[in-house]
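As structure tokens, the structure follows; a few thoughts come after it.
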């Protein structure tokens, strides 16, 4: 009995045991840390949908947007409109959803917080995409009749085209009609002769400050030598497709092997150049480091989630792969004609998928503004898929979400806007 106690004492007091215990302590601390920080990362095993989809900034922003809409003067007093040479035409098409409305909040968030000078740089076109537009709740509301520069209709279409649209409405043409409406709105904005065209879905919320961030990204993009090869600037994306994708497993394997090799080389160098370490770095210790500690560490790295350990850099970024979805695009004018031709040739399909296919065929560059300046808040899809369930027991539409958007701080945003205003106009 005494001998057993002495052996236990020797083991627990050995440097090997203390080192491994320290490793386990730090490992457990790292798990606790990632449980606290990765609950918004959908690529993490620590992702918590009960908290990851919490509306923090978007709830604040929606209150601001709704207050803006509620305070619109029916006479149009105090409302600014597009100037003589706006740089961006913004098009928003809306269809009435059963049991939900987002359009007013989307428009309110777009305009709330803009200076008159910024508003004059925008040509706003709103489109109630119904053959009978009076079926939309916004049709007779003051804000809809006051705020836009243009209210688009189907009036310039032939009776036959309108009859076909009416048939699509009645037969649930969930992909053909939205594509037709998108092209119809895109053509209208193209006729405004702005150098950029922003296409928004009607269930998004713009962050306060979206304008100056977008303009800065546009400026940077225009300075690039390969600008003419750019097809769009994405203002919304979801991090759900930025996880550890199977297409990149050779890269993950390569860097894991490199890490193991570097660890082995470090152990070898220490043993060679510091002989005093030899009693500690025994063969069994080295095997434990290489085949226990290192795999556990690499495993935790991947478990933490890609956007946690390797987040996207802020600013203008390439996003040729895994960008989703079509909630908020800005197209340069030079890309519009080709896109319209391709959309009309395809005739039917999902806008985001067709845009990606068109870009791949023509080897065009796709860009994104990081972090997203728009949030998708719609849980009732206009395409009829709100009863299809994806992950976490939520509707497909509700899962189209940007997690970093919710971390915006209104106080910091106000400071940022004040700093930009000072730079633009001086003290």
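Numbering (the numbering used here), first residue to last: 609 to 1035.
Idealized CB from N, CA, C, for every residue including glycine.
Asked, Found
"Chain-order list of residues whose beta-carbon lies under 8 Å from that of residue 668 (same chain, five-residue window excluded)", "1018"
"Buried or exposed (CB count within 10 angstroms, at least 16 for buried), residue 799", "exposed"
"DSSP state of residue 882 mapped onto helix, strand, coil", "coil"
"Distance between beta carbons of residue 714 and residue 812, contact taken as under 8 Å", "5 Å"
"Segment contact, 8 Å Cβ cut-off, at least three pairs: the region 890 to 907 with the region 856 to 876", "yes"
"Sequence-distant residues of its chain with Cβ nearer than 8 Å to residue 927 (five each side left out)", "842, 845, 974, 975 and 976"
"Identity of the residue in 787, 860, 983 and 856 nearest residue 551 by Cα", "There is simply no residue 551 to check, as the chain begins at 609 and stops at 1035 in what is shown."
"Through-space distance from residue 847 to residue 889, alpha-carbon basis", "42 Å"
"Cβ-based burial, residue 620 [other Cβ within 10 Å; buried from 16]", "Annotation note: pLDDT 46 at residue 620 (below 50); position unreliable, no value reported."
"Counted within 10 angstroms of its Cβ, other Cβ atoms place residue 716 as buried (16 or more) or exposed", "buried"
"Three-way DSSP call (helix, strand, coil) for residue 803 in this model", "coil"
"CA-to-CA distance, residue 1030 to residue 1023, given in whole angstroms", "11 Å"
"Same chain only: Cβ atoms within 8 Å of residue 735, ignoring 5 sequence neighbours per side", "699, 700, 701, 702, 759, 760, 761, 789, 792, 793 and 796"
"Range covered by the beta strand (DSSP E) that runs through residue 841", "838 to 842"
"Burial state of residue 801, where buried means 16 or more other Cβ atoms lie within 10 Å", "exposed"
"Exposure label - residue 616; buried when at least 16 CB within 10 Å", "Only weak support is given to the placement of residue 616: the predicted model assigns it a pLDDT of 45, under 50, and the value that follows is read from those uncertain coordinates. Answer is exposed; the Cβ neighbour count stays below 16."
"Exposure label - residue 646; buried when at least 16 CB within 10 Å", "buried"
"Close beta carbons around residue 712, own chain, < 6 Å, minus the five adjacent residues each side", "677"
"Whole runs of the alpha helix (DSSP H) within the region 899 to 966, excluding any shorter than 4 residues", "902 to 912, 914 to 917 and 941 to 954"
"Closest by C-alpha distance to residue 806, when choosing among 979, 663, 938 and 721", "938"
"Member of 776, 918 and 683 whose CA lies at the smallest distance from the CA of residue 750", "683"
"At least three beta-carbon pairs within less than 8 Å, the region 944 to 962 to the region 915 to 924", "no"
"Close-in-space but distant-in-sequence residues of the same chain around residue 774 (CB under 8 Å, 5 per side omitted)", "739"
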